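Contents: one structure, followed by commentary.
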Amino acid sequence: MGEVHVVNGNYSAAEAVKAVDVDVIAAYPITPQTPVVEYLSEFVANGELDAEFIHVESEHSAISAVVGASATGVRVFTATASQGLALMHEVLFIASGMRLPIVMTVANRALSAPINIWCDHSDTMAQRDTSWIQLYCESNQEIYDTVIQAYRIAENEDVLLPVMVCYDGFTLSHTLEPVEFEPEDEIREFVGEFEPIHCKLDPEEPMTLGPVGGPDSYMEFKKMQHEAMKEALKVIPEVNSEFEKRFGRSYGDGLIEPYNVDDADVVIIAMGSVCGTIKHVIDEHRSDVGLIKVKAFRPFPGDDIRRLIEGKDAVVTIDRAHSYGSMPPLWTDVKAHAPDVEVSSTIAGLGGRDIRVEDILEVIEVAEKGEGTDEPVWINVNV
Amino acid sequence: MKYTVGAVIKEPGSTRRNKTGSWRIFRPVLDHEACVHCGRCYMYCPDGCISLDPEKGYVIDYDYCKGCGICAKVCPVDAIEMVLEED
Numbered sequence: 001m002g003e004v005h006v007v008n009g010n011y012s013a014a015e016a017v018k019a020v021d022v023d024v025i026a027a028y029p030i031t032p033q034t035p036v037v038e039y040l041s042e043f044v045a046n047g048e049l050d051a052e053f054i055h056v057e058s059e060h061s062a063i064s065a066v067v068g069a070s071a072t073g074v075r076v077f078t079a080t081a082s083q084g085l086a087l088m089h090e091v092l093f094i095a096s097g098m099r100l101p102i103v104m105t106v107a108n109r110a111l112s113a114p115i116n117i118w119c120d121h122s123d124t125m126a127q128r129d130t131s132w133i134q135l136y137c138e139s140n141q142e143i144y145d146t147v148i149q150a151y152r153i154a155e156n157e158d159v160l161l162p163v164m165v166c167y168d169g170f171t172l173s174h175t176l177e178p179v180e181f182e183p184e185d186e187i188r189e190f191v192g193e194f195e196p197i198h199c200k201l202d203p204e205e206p207m208t209l210g211p212v213g214g215p216d217s218y219m220e221f222k223k224m225q226h227e228a229m230k231e232a233l234k235v236i237p238e239v240n241s242e243f244e245k246r247f248g249r250s251y252g253d254g255l256i257e258p259y260n261v262d263d264a265d266v267v268i269i270a271m272g273s274v275c276g277t278i279k280h281v282i283d284e285h286r287s288d289v290g291l292i293k294v295k296a297f298r299p300f301p302g303d304d305i306r307r308l309i310e311g312k313d314a315v316v317t318i319d320r321a322h323s324y325g326s327m328p329p330l331w332t333d334v335k336a337h338a339p340d341v342e343v344s345s346t347i348a349g350l351g352g353r354d355i356r357v358e359d360i361l362e363v364i365e366v367a368e369k370g371e372g373t374d375e376p377v378w379i380n381v382n383v
Numbered sequence: 384m385k386y387t388v389g390a391v392i393k394e395p396g397s398t399r400r401n402k403t404g405s406w407r408i409f410r411p412v413l414d415h416e417a418c419v420h421c422g423r424c425y426m427y428c429p430d431g432c433i434s435l436d437p438e439k440g441y442v443i444d445y446d447y448c449k450g451c452g453i454c455a456k457v458c459p460v461d462a463i464e465m466v467l468e469e470d
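Residue numbers (the working numbering), protein chains in the order written: chain A, 1 to 383; chain B, 384 to 470.
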């Protein structure tokens, strides 16, 4: 049995990083992620965590440092948000192309301009195509559990891809919730010692990492990354169920978490902390509505979602990001896998605007009226 | 190239198999009669493609020479001529 502590989401992430016993941390502070870096530097300074903490001058350096450290065959961690994640952008492709099992948490935050430090998913959605696994969390407990599972997923021989654990800035990062922390020895046993599989920088056994891959080979390596993502669709549920057996907690099958979907006429598809609000609406106001919480956005469990929404009266997505001039990302992925299902699109909660109960009720109304199928409906917006 | 996970190359020195001399447009041709063996071309070559052969004198490794022309420029007796590859 674990011990329940009342902590914010950033602490939850830091505690998980400590529990899996990472070797190298390089991170640069940015709101709303800053406390993660502060907590971890405290753990290292007071001897609770035996790791190298590399102080860097930017997020570009932070991710570069963990790429280098990971290549030496050790377990690494970094964290960021918003502009910081954008600054990491080019190196994210290098991390995944080199197949390094890096784990990074992102406290989701909007991007400038206008300047905004509050939550939406624009930052991680903009990194959708970097070949990082993306897992989204609904609660602080889920952050702790997901960071631990992320190492098992990233380090799996058939996957070997970096993982981004995403959680809503402020809504989770700075809000206190009871979280059960498991004994560290049990977490370490669950995660296991990190053994480098495909590469390790070692002067005794020299090898080349990050070489040129010209027109004769580049495509092959990229296709292999896609295959690894498809393997992750199998590995994520395995890790989720193993975690459940050991610690008694799970999140659907680890890819999606359906809530009241079987009995529902209307299904909402959403990600992150808003799923808690949607569950409340279902429990208190609309028992005829169901929710599919998308936990894994990359790889995208599109076929599972299609099977659940086929035959429903109405289906609607809530995106906390947009692809300007087209349709928003969650809707687009759902439609790509379920082209024959009518799916309404809504955009809500950009730049930290609260998504309230009445907003969810409006989302349901949009779905029931069949609106938003070719143009997103903006919820609670004044223009 | 082997399709390894992460494009890792475990055999050191394999880059030698990539004959970068194919990038060349102008080829340096050394006139051994005119050469005074000063060694400037050897010292200035940025890619280490010129070496001293005890029999033949200075020789150019066309597998990796990219034809930059520095050797021809620094030769004090104009013993190196840059010749268009097609000719």
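Each residue gets a CB set at the ideal place from its N, CA and C atoms; glycine is no exception. Predicted model only: the values in this text are computed from it and were never measured.
Item	Value
What would DSSP say about residue 391 of chain A, mapped onto helix, strand or coil?	Any question about residue 391 of chain A goes unanswered here, given that chain A covers just 1 to 383.
If you run the structure through DSSP and keep just helix, strand and coil, what is residue 24 of chain A?	strand
Are there 16 or more other CB atoms within 10 angstroms of the CB of residue 398 of chain B, so buried, or fewer, so exposed?	exposed
Does the beta-carbon of residue 383 of chain A have 16 or more other beta-carbons within 10 angstroms, so that it is buried, or is it exposed?	exposed
If you scan the segment 169-252 of chain A from start to end, which runs of the beta strand (DSSP E) of 3 or more residues do you find wholly inside it?	177-181
Is the shortest distance between the beta-carbon of residue 386 of chain B and the beta-carbons of chain A less than 8 Å?	yes
By the 9 Å beta-carbon criterion, what residues does the segment 190-208 of chain A contribute toward chain B?	197, 198, 199, 205, 206, 207, 208
Tell me whether residue 331 of chain A is buried or exposed, calling it buried when 16 or more other Cβ atoms sit within 10 Å of its Cβ.	buried
Does any C-beta atom of chain B lie closer than 8 Å to the C-beta of residue 211 of chain A?	yes
When the distance is taken between beta carbons, is residue 180 of chain A closer than 8 Å to residue 4 of chain A?	yes
Give a yes or no on whether 8 Å exceeds the smallest Cβ distance from residue 384 of chain A to chain B.	The question about residue 384 of chain A has no answer here: the residues shown for chain A are numbered 1 through 383.
I'd like the list of long-range same chain contacts for residue 121 of chain A, defined as Cβ closer than 6 Å, with 5 residues on each side in sequence excluded.	108, 320, 321
Shorter than 8 Å from the beta carbon of residue 449 of chain B to some beta carbon of chain A?	no
Between which two residues does the beta strand (DSSP E) harbouring residue 436 of chain B extend?	433-436
Does residue 404 of chain B have its Cβ less than 8 Å from a Cβ in chain A?	no
Is it buried or exposed for residue 219 of chain A, if we count other Cβ within 10 angstroms and need 16 for buried?	exposed
Can you pull the chain B neighbours of residue 160 of chain A, defined as C-beta to C-beta under 8 Å?	388, 389
For residue 275 of chain A, name the three-state secondary structure that DSSP assigns.	helix
DSSP on residue 421 of chain B, reduced to helix/strand/coil?	coil
Quick one, which of A:301, A:271, A:264 has its alpha-carbon nearest residue 283 of chain A's?	A:264
I'd like to know whether the C-beta atoms of residue 80 of chain A and residue 149 of chain A end up nearer to each other than 8 Å.	no
Taking contact to mean at least 3 C-beta pairs separated by less than 8 Å, is the segment 185-198 of chain A in contact with the segment 166-176 of chain A?	no
Give me the Cα-Cα distance between residue 430 of chain B and residue 464 of chain B, rounded to the nearest whole angstrom.	18 Å
When the Cα atoms are used, what is the spatial distance from residue 328 of chain A to residue 103 of chain A?	26 Å
How would you label residue 387 of chain A, buried or exposed, when you count the other beta carbons within 10 angstroms and need 16 or more for buried?	This structure cannot speak to residue 387 of chain A, because chain A is shown only from 1 to 383.
Under the assumption that residue 78 of chain A contacts residue 126 of chain A (Cβ atoms under 8 Å), give the Cβ distance between them as a whole number of angstroms.	17 Å between Cβ atoms; not a contact.
Using C-beta distances below 8 Å, list every residue in its chain close to residue 317 of chain A, excluding the 5 sequence neighbours before and after it, in chain order.	268, 269, 270, 328, 330, 331, 334, 343, 344, 345, 346
In whole angstroms, give me the CA-to-CA distance for residue 468 of chain B and residue 96 of chain A.	41 Å
Entirely within the segment 99-159 of chain A and at least 3 residues each: give me those beta strand (DSSP E) ranges in chain order.	103-108, 133-136
Tell me, to the nearest whole angstrom, how far the beta carbon of residue 363 of chain A is from that of residue 371 of chain A; I am working on the premise that it is less than 8 Å.	The Cβ separation is near 10 Å, so there is no contact.
What whole-angstrom Cβ distance do residue 100 of chain A and residue 82 of chain A have, given they're in contact under 8 Å?	Wrong, their Cβ atoms sit about 23 Å apart, outside the cutoff.
Strictly below 8 Å CB to CB, what residues from chain B border residue 152 of chain A?	Those within 8 Å of residue 152 of chain A in chain B number zero; the least Cβ separation is about 18 Å.
What residue range is occupied by the uninterrupted alpha helix (DSSP H) comprising residue 291 of chain A?	Element bounds for residue 291 of chain A: not the alpha helix (DSSP H) but the beta strand (DSSP E), 289-294.
Does the beta carbon of residue 445 of chain A come closer than 8 Å to any beta carbon on chain B?	Outside the modelled stretch of chain A, which goes from 1 to 383, sits residue 445 of chain A, for which no answer is possible.
Determine, using beta-carbon pairs with one atom in the segment 233-243 of chain A and one in the segment 203-221 of chain A, whether at least three such pairs fall under 8 Å.	no
Which residue marks the beginning of the beta strand (DSSP E) containing residue 347 of chain A, and which one marks its end?	344-347
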